[in-house]
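Numbering (my numbering), first residue to last: 102 to 821.
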Amino acid sequence: MRGWVLDCYPDMDADRMVLWFKTPGGAVRVVDDMTPHIYVHSSRERLDKLKNDLAMIGVKDAEREKRRISLGDDEKDVLAVPVREYASLQSLAATIDSWGRYREHSLYNVDLRMDQRYFLHKGLFAMGLAEIDGLRSLDAWRRIDYPVPMLKGLELGVKVRGTGIPTMDDPLISISANSITLDGPEDAVLEEFMSLVREEDPDIIYTDKGDSFVLPYLQHRASLHGMNMELGRERGERTSRGKSYFTYGRIVYKPPAHKLRGRVHIDREASFTYGEAGLPGLIEMSRLSHIPLQDISRLSPGSAISAMQVNEAVRSGHLIRWKKNLPEGFKTAGALIACDRGGFIYEPRVGLHDDVWEVDFFSLYPSIMVRHNISPETLNCACCPRSPLIVPEIGYRICEKRTGLIPRVLEPILNRRRVYKSMKDDPRKGANYQLRAKALKWVLVTCFGYTGYRNARFGRIECHESITAYGRDILVRSARIAESRGFEVLHGIVDSLWLHGGGDIHRLCDEISAEFGIPLNIEGRYRWIVFLPSVSTGVGALNRYYGLFDDGELKLRGIAARRRDAPAIVEELQQEMLQCLSQAGNAQEFIDTVPEALLVMDDYAAELRGGGVAAERLIVRKRISRRLEEHTRFNDPVAALRQLHDRGFELEPGQSVEYVILDSGSGRSWDRVRAAPFLADDGYDREKYVELVHRGAAELLSPFGWSFQRIRGRDGSQRR
DNA sequence: ACGGCACGGGG
DNA sequence: GTGTACGTGCCGT
Numbered sequence: 102m103r104g105w106v107l108d109c110y111p112d113m114d115a116d117r118m119v120l121w122f123k124t125p126g127g128a129v130r131v132v133d134d135m136t137p138h139i140y141v142h143s144s145r146e147r148l149d150k151l152k153n154d155l156a157m158i159g160v161k162d163a164e165r166e167k168r169r170i171s172l173g174d175d176e177k178d179v180l181a182v183p184v185r186e187y188a189s190l191q192s193l194a195a196t197i198d199s200w201g202r203y204r205e206h207s208l209y210n211v212d213l214r215m216d217q218r219y220f221l222h223k224g225l226f227a228m229g230l231a232e233i234d235g236l237r238s239l240d241a242w243r244r245i246d247y248p249v250p251m252l253k254g255l256e257l258g259v260k261v262r263g264t265g266i267p268t269m270d271d272p273l274i275s276i277s278a279n280s281i282t283l284d285g286p287e288d289a290v291l292e293e294f295m296s297l298v299r300e301e302d303p304d305i306i307y308t309d310k311g312d313s314f315v316l317p318y319l320q321h322r323a324s325l326h327g328m329n330m331e332l333g334r335e336r337g338e339r340t341s342r343g344k345s346y347f348t349y350g351r352i353v354y355k356p357p358a359h360k361l362r363g364r365v366h367i368d369r370e371a372s373f374t375y376g377e378a379g380l381p382g383l384i385e386m387s388r389l390s391h392i393p394l395q396d397i398s399r400l401s402p403g404s405a406i407s408a409m410q411v412n413e414a415v416r417s418g419h420l421i422r423w424k425k426n427l428p429e430g431f432k433t434a435g436a437l438i439a440c441d442r443g444g445f446i447y448e449p450r451v452g453l454h455d456d457v458w459e460v461d462f463f464s465l466y467p468s469i470m471v472r473h474n475i476s477p478e479t480l481n482c483a484c485c486p487r488s489p490l491i492v493p494e495i496g497y498r499i500c501e502k503r504t505g506l507i508p509r510v511l512e513p514i515l516n517r518r519r520v521y522k523s524m525k526d527d528p529r530k531g532a533n534y535q536l537r538a539k540a541l542k543w544v545l546v547t548c549f550g551y552t553g554y555r556n557a558r559f560g561r562i563e564c565h566e567s568i569t570a571y572g573r574d575i576l577v578r579s580a581r582i583a584e585s586r587g588f589e590v591l592h593g594i595v596d597s598l599w600l601h602g603g604g605d606i607h608r609l610c611d612e613i614s615a616e617f618g619i620p621l622n623i624e625g626r627y628r629w630i631v632f633l634p635s636v637s638t639g640v641g642a643l644n645r646y647y648g649l650f651d652d653g654e655l656k657l658r659g660i661a662a663r664r665r666d667a668p669a670i671v672e673e674l675q676q677e678m679l680q681c682l683s684q685a686g687n688a689q690e691f692i693d694t695v696p697e698a699l700l701v702m703d704d705y706a707a708e709l710r711g712g713g714v715a716a717e718r719l720i721v722r723k724r725i726s727r728r729l730e731e732h733t734r735f736n737d738p739v740a741a742l743r744q745l746h747d748r749g750f751e752l753e754p755g756q757s758v759e760y761v762i763l764d765s766g767s768g769r770s771w772d773r774v775r776a777a778p779f780l781a782d783d784g785y786d787r788e789k790y791v792e793l794v795h796r797g798a799a800e801l802l803s804p805f806g807w808s809f810q811r812i813r814g815r816d817g818s819q820r821r
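As structure tokens, this is what we get:
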């Protein structure tokens, strides 16, 4: 019998691994033995002593072996320590660690996921197809066009009695499961739902806020009736630790995960990847990272790339150091300045332009890592003291003998993304491929950030510096080539250039692509584009612009309409003004349309002053970074936090507070704003919202003489 | 004027 | 279980 690896986790009591396979006939549970090992590196003598010491505390069969302990290095003596009791792994590692004085010995393969260990040991992987009897893989994770199982999904939602912020104490009104709604007495509804899950036997349960509310809530309500809410195919959940406050309609800012056994719970709210790339994206990431679907759904793309790096390191014979140990090399003060410049940014030509091409490099930073072999072990390696491969500006040497770990991991990902993108119009598979490409895009983006992250396993700040150094070099030289071909460079950010006029854009892209070995693609041609000035300095703001492509699509960056804290009314205003400006086909027509856009603004101001705007369009949302008592200034978000506090709800850093402004200047929190859960018919601060609308308009039109001050003056004279 | 605070991207 | 750095704008003090 064959099936796909749907789930994999340790049975901590039996010290065996549990596997769930999805077969066309249903789900199959299998258990398998695995003894994880941790490794210690030290001198031979110390390892022998360690072996004896371990025997004294009952750990037998520790064996000396030769293994690779750092990237690109030769094999060293290590002691392989079998861990028979899964639950004791961390404490055993801590004990061994405590036996060594500073740097006397180091530990490996301690903080490896159990599922990943098992997969690497067995040659299986998550969502891969396998022969169930004998546990043999029938699949290869590198396959691009792989077989995907039919997975049965169940959409779970609850309706709760109560107003404002739902709590565990509110009784259940109904449960919805796909298109079915179960209602009636609470205990009957819960009972019915459990039997429905048993009968339907879904592979995936989808929720919104399942981790933070729905699942703990259902369990709590069931317990009140003496029932046990079991939603997995096996009893028990795999709940991670987490503090369980109940605030603002959800538990905590980092809720404990509620992972089922043998069945996948995907909490859309808790899954960045699902939101971006759906189930096809999750499956792609699961296969590449070897992390089960349910787990990868809750991890960031950064964790996924980290897992892929671990896989590659283990497959190429390396042990994984417990904590990262590549210290940042010595640098002089001058070198620090030269290195820390980040991505290159041209100063944009502020204002309006037409006939503009935007060109972007394909995954520039990952492509640089692959093409220039940038990896922690390839920079200033000991094996190539005379290497001619030198990073521009900062002069690091790059290994010319071996391909580094990071390029080995990235190369297939770049390739897959390219293939998926090229097949996005395939009538049968295109939609899925596009989602897979999206998931990979995020993996690639975060890989760069990870190289500079101090806790990354395979991070090294010099990689980060080298990548941006190459990036600047490539962008500056590309701009020069463009100029030599008759284009005017209007703006450039990291991997993109905006070019005006000139000759054959396709030939230019081909020439630059060939020069650097990285594809330069045409993003589009703008009928017009506006680069906005910085409000404070007046020179070009680096990342704030809006423009209209030839196909009628608008591209917006950095303006209120793109910001999550802007109230809907301001977003609508800007969108409507932009729709109005979209009638213009070139710069001159744009200028002629500006007065019409101002009339749109006036309509919004009048509507606000009329007092009839619905509260939902006025809600401001801010993410808070500290608790109420830690705030030193009294402002709108603090006022809203105080209201929630007054009613017994606390927000954790990382959560968002939502409110409507009632009286902007007030020093009393209940007069100043109204937190969204307590909204009644409170009205709003009409002049404050008019001001926000005027600011939103000025943000778009300041290059055309309509500064915020002038708009205010115009407003004043119109009202007189 | 200064400093606290929040946001951004890609499609 | 975890991407960073930093430019930008608003607003309270």
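For each residue, glycine too, the CB sits at the ideal point set by N, CA and C.
Checklist entry - Taking just the CA atoms, how far does V119 sit from D302? => result For the purposes of this step, residue 302 is taken as residue 201 along the first sequence, with counting starting at 1. For the purposes of this step, residue 119 is taken as residue 18 along the first sequence, with counting starting at 1. Taking the straight line from one Cα to the other gives about 19 Å.
Next on the checklist: Can you find the residues in the same chain that come closer than 8 Å, C-beta to C-beta, to S614, ignoring five residues on each side of it along the sequence?
Outcome noted: Translated into positions along the first sequence, residue 614 becomes position 513. Only P620 and L621 meet the Cβ criterion.
Next on the checklist: So, under 8 Å CB-CB, F632 and G452 are touching, yes? Tell me the CB distance rounded to an integer number of Å.
Outcome noted: Here the question's residue 632 lines up with position 531 in the first sequence. Here the question's residue 452 lines up with position 351 in the first sequence. Yes, F632 and G452 are in contact; Cβ-Cβ is about 7 Å, under 8 Å.
Checklist entry - What's the C-alpha gap between G159 and R388? => result The residue you call residue 159 lines up with position 58 of the first sequence. The residue you call residue 388 lines up with position 287 of the first sequence. Answer to the nearest angstrom: the Cα atoms are 38 Å apart.
Next on the checklist: Rounded to the nearest angstrom, what separates S665 and G285 at their Cα positions?
Outcome noted: As a first step, residue 665 is located in the first sequence; it is residue number 564 there, counting from the start. As a first step, residue 285 is located in the first sequence; it is residue number 184 there, counting from the start. Before going on, a small fix: residue 665 reads as Arg here, not Ser. The alpha-carbon atoms of R665 and G285 are separated by roughly 39 Å.
Item to check | Buried or exposed by the 16-neighbour rule on C-beta atoms within 10 Å, applied to K539 | outcome: Translated into the one-based positions of the first sequence, residue 539 becomes position 438. By the 10 Å Cβ count, K539 comes out buried.
Checklist entry - Over what stretch of residues does the alpha helix (DSSP H) that includes E501 continue unbroken? => result The residue given as residue 501 occupies position 400 in the first sequence. Premise fails: E501 is in no alpha helix (DSSP H) and is neither H nor E.
Next on the checklist: Going by beta-carbon coordinates alone, are D178 and R202 separated by less than 9 Å?
Outcome noted: Counting from one through the first sequence, the residue named residue 178 turns up at place 77. Counting from one through the first sequence, the residue named residue 202 turns up at place 101. No, Cβ-Cβ distance for D178 and R202 is not below 9 Å.
Checklist entry - So, helix, strand or coil for E146, using DSSP? => result Taking the first residue of the first sequence as 1, we reach residue 146 at position 45. Here E146 sits in helix by DSSP.
Next on the checklist: As an exercise, report each continuous alpha helix (DSSP H) stretch of at least 4 residues that is fully enclosed by the stretch 713–799, in chain order.
Outcome noted: 737–747 and 770–773
Next on the checklist: What would DSSP say about N516, mapped onto helix, strand or coil?
Outcome noted: In the first sequence, the residue the question calls residue 516 occupies position 415. Note: N516 maps to helix in three-state DSSP.
Item to check | Of the residues L273, V261 and S567, the one placed nearest V471, counting alpha carbons only | outcome: On the first sequence, position 370 is the one that residue 471 refers to. The candidate whose alpha carbon is nearest that of V471 is S567.
Next on the checklist: Tell me which residues share the same chain as F617 and place their Cβ nearer than 6 Å to its Cβ, disregarding the 5 neighbours each side in the sequence.
Outcome noted: Locating residue 617 in the first sequence gives position 516, where the first residue counts as 1. Taken in chain order, the residues that qualify are I575.
Checklist entry - According to DSSP, what are the bridge partners of D284? => result By 1-based counting over the first sequence, the position of residue 284 is 183. Per DSSP, S275.
Item to check | Proximal residues to V47 (C-beta, below 7 Å), its chain only, five neighbours per side dropped | outcome: Nothing can be reported for residue 47: it is not among the residues displayed for the chain, which extend from 102 to 821.
Checklist entry - Can L325 be considered in contact with the ligand GDP, in the sense that its beta carbon sits closer than 8 Å to one or more heavy atoms? => result This structure simply doesn't include the ligand GDP, nor any ligand for that matter.
Next on the checklist: Buried or exposed for V701, going by 16 or more other Cβ atoms inside 10 Å?
Outcome noted: As a working mapping, residue 701 is identified with position 600 in the first sequence. Buried is the call here.
Item to check | For G263, the nearest candidate out of V131, F779 and R787 (CA to CA) | outcome: If you number the first sequence from 1, residue 263 lands on position 162. Of the candidates V131, F779 and R787, the one whose C-alpha sits nearest the C-alpha of G263 is F779.
Checklist entry - Per DSSP, which one or two residues make a beta bridge with P317? => result Your numbering for residue 317 matches position 216 in the first sequence. In the DSSP output, where bridge partners are listed per residue, P317 has none listed.
Checklist entry - Mind checking whether A799 and L674 have CB atoms under 9 Å apart? => result Here residue 799 refers to the residue found at position 698 of the first sequence. Here residue 674 refers to the residue found at position 573 of the first sequence. Not a contact, by the Cβ cut-off of 9 Å.
Item to check | For M409 and L420, the rounded distance between their alpha carbons | outcome: Taking the first residue of the first sequence as 1, we reach residue 420 at position 319. Taking the first residue of the first sequence as 1, we reach residue 409 at position 308. Each residue's Cα considered, the two are about 14 Å apart.
Checklist entry - Considering only residues of the same chain and omitting the five flanking positions on each side of D271, which have a CB-CB separation below 7 Å? => result Counted from its first residue, the first sequence places residue 271 at position 170. If we look at D271 and ignore the five residues flanking it on each side, its Cβ neighbours are V261, R262 and G263.
Item to check | Minimum C-alpha distance to Y760 - residue among A741, G766 and F750 | outcome: Looking up residue 760 in the first sequence gives position 659. For the residues A741, G766 and F750, the minimum Cα distance to Y760 belongs to A741.
Checklist entry - By Cβ distance below 8 Å, which residues in the same chain neighbour L361 in space, the five residues on each side in sequence not counted? => result The count along the first sequence starts at 1 and reaches residue 361 at position 260. Around L361: I306, L332, G333, R334, E338, R339 and Q395.
Next on the checklist: Quick check: P183 and D162, are their CB atoms within less than 9 Å of each other?
Outcome noted: Taking the first sequence and counting its residues from 1, one reaches residue 183 at position 82. Taking the first sequence and counting its residues from 1, one reaches residue 162 at position 61. The answer is yes: Cβ separation under 9 Å.
Next on the checklist: Which residue marks the beginning of the beta strand (DSSP E) containing S109, and which one marks its end?
Outcome noted: Residue 109 sits at position 8 when you count from the first residue of the first sequence. Note on residue identity: the sequence assigns Cys, not Ser, to residue 109. R103 to D112 is the extent of the beta strand (DSSP E) around C109.
Checklist entry - From S488, Y521, L490 and H473, pick the residue whose C-alpha is nearest to that of R509; which is it? => result What you label residue 509 is simply residue 408 of the first sequence in a count that begins at 1. Comparing Cα-Cα distances from R509 to each of S488, Y521, L490 and H473, the minimum goes to H473.
Item to check | Exposure of H454, with buried meaning 16 or more beta-carbon neighbours within 10 Å | outcome: Taking the first sequence and counting its residues from 1, the one referred to as residue 454 is at position 353. By the neighbour-count rule (16 or more Cβ atoms within 10 Å), H454 is buried.
Next on the checklist: If I measure Cβ to Cβ from P283 and keep anything under 8 Å in the same chain, skipping five residues before and after, which residues do I get?
Outcome noted: Reading the first sequence from its first residue, position 182 is the one you call residue 283. Checking the sequence, you will find Leu at residue 283 rather than Pro. Cβ neighbours of L283 beyond the five flanking positions: S275, I276, S277, V290, E293, F294 and L297.
Next on the checklist: Could you check whether S417 and K542 sit closer than 9 Å to each other, using their CB atoms as the reference points?
Outcome noted: As a working mapping, residue 542 is identified with position 441 in the first sequence. As a working mapping, residue 417 is identified with position 316 in the first sequence. No, the Cβ-Cβ distance between K542 and S417 is not below 9 Å.
Item to check | Assumed close pair W458, A194 - CB separation to whole angstroms, cut-off 8 Å | outcome: As a first step, residue 458 is located in the first sequence; it is residue number 357 there, counting from the start. As a first step, residue 194 is located in the first sequence; it is residue number 93 there, counting from the start. The Cβ separation is near 56 Å, so there is no contact.
Checklist entry - Which one of R722, G363, A583 and K310 has the shortest CA to CA distance from R608? => result As a first step, residue 608 must be located in the first sequence, where it is residue number 507. Comparing Cα-Cα distances from R608 to each of R722, G363, A583 and K310, the minimum goes to A583.
Next on the checklist: Buried or exposed, going by whether 16 or more other CB atoms sit within 10 Å of the CB of C548?
Outcome noted: What you label residue 548 is simply residue 447 of the first sequence in a count that begins at 1. The residue is buried, with at least 16 neighbouring Cβ atoms inside 10 Å.
Checklist entry - Does the distance from the C-beta atom of F809 to that of H795 stay below 9 Å? => result As a working note, residue 809 is residue 708 in the first sequence. As a working note, residue 795 is residue 694 in the first sequence. Contact: yes.
Item to check | Contacts around M524, its chain only, beta-carbon distance under 7 Å, and the 5 residues preceding and following it disregarded | outcome: On the first sequence, position 423 is the one that residue 524 refers to. Excluding positions up to five away in sequence, the list reads K530, G531 and Y534.
Next on the checklist: On the DSSP bridge list, what partners appear for Y209?
Outcome noted: Position 108 of the first sequence holds residue 209. Its beta-bridge partners are Y140 and R422.
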